[in-house]
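The structure appears below as structure tokens.
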Amino acid sequence: MKNLLSSSYTDDSSGFKNTVSEMFQRAAREFGPMVSIADVNLRGVNIVDLDSDGGVDLIACSNGTNVPRVVRMYYGIDQVRPADLNFDGSLNYLDIALFVKLFREQRETADLDRDGEFDFQDMELLLNFYTSCP
């Protein structure tokens with residue numbers, strides 16, 4: 006199934022940042038919640054097989070007014086581990102740091118139990134994911 010990619014723009018009044026997000030398709034015309042792929046002020050996104058492995062990868066860039074300009078590449082992975090918030094394929098302090106940042110900003114990605122609240126259950130769920138993954 007195909008997923009839906011989005012690239013939003015900055016709107017300081019609402020707290021939105023330039024970010025690349027993805028909505029995973031669960032069934033025909035049924036998408037899950039939007040998950041931010043990167044919170045680093047990105048604006049444009051495209052899909053391409055960057056590493057010639059036959060899988061889809063993402064390439065994203067910042068807008069032309071950012072200094073320095075940013076281009077990020079995200080290589081597709083076969084299996085996503087829930088605690089791997091930055092999708093780098095490993096579980097480490099970077100995932101915890103990103104969770105804390107997103108939790109403080111009350112970003113949807115940090116609401117791990119999808120109950121609409123940012124509370125201890127989200128932190129507990131992250132730790133359970135983190136400790137149960139190899």
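Residue numbers 6 to 139, in the numbering used here, belong to the letters of the sequence shown in order.
A virtual CB, placed ideally from N, CA and C, is assigned to each residue, including glycine.
Given the structure is predicted, the values throughout are model-derived calculations rather than measurements.
Applying the criterion that 16 or more other CB atoms from any shown protein chain within 10 Å of the CB defines a buried residue, is Leu99 buried or exposed? Using a 10 angstroms sphere on the CB of Leu99, the tally of other CB atoms stays under 16, which defines it as exposed.
Using DSSP bridges, identify the partner residues of Gly94. Per the DSSP secondary-structure output, Gly94 pairs with nothing in a beta bridge.
State the DSSP-derived secondary structure class of Ser57, mapped to helix, strand or coil. Coil at Ser57, not helix or strand.
Across which residues does DSSP place Leu9 in a beta bridge pair? Met28.
Tyr80 and Leu103 closer than 8 Å at C-beta: The beta carbons of Tyr80 and Leu103 sit no closer together than 8 Å.
Once DSSP output is grouped into helix, strand and coil, what is the label at Glu122? It is coil, neither helix nor strand.
Near Asp120, which residues of its chain fall below 8 Å by C-beta distance, leaving aside the five closest residues on each side in sequence? Only Gln126 meet the Cβ criterion.
Between the C-alpha atoms of Gln5 and Val53, what's the straight-line distance to the nearest angstrom? Any property of residue 5 remains undetermined from this structure, which presents the chain solely from 6 to 139.
How is the beta strand (DSSP E) around Ala65 delimited, first residue to last? Run containing Ala65: Asp62 to Cys66, per the beta strand (DSSP E) assignment.
Assumed close pair Leu96, Tyr135 - CB separation to whole angstroms, cut-off 8 Å: Between Tyr135 and Leu96 the Cβ distance is about 6 Å, and since that is below 8 Å, they are a contact.
Alpha-carbon spacing of Leu47 relative to Ser11, whole angstroms: Rounded to whole angstroms, Leu47 to Ser11 spans 11 Å at the Cα level.
If I'm right that Val50 touches Leu63 with Cβ under 8 Å, what's the distance once you round it to whole angstroms? Leu63 and Val50 do touch by the CB rule: their CB atoms are close to 6 Å apart, below 8 Å.
For Glu27, count neighbouring Cβ atoms within 10 angstroms of its own Cβ and tell me buried if that reaches 16, exposed if not. The residue in question, Glu27, is buried, as its Cβ has 16 or more Cβ neighbours within 10 Å.
Report all residues from its chain with a CB closer than 6 Å to the CB of Phe36; omit the five preceding and five following residues, and keep chain order. The residues are Leu9, Met28 and Gln30.
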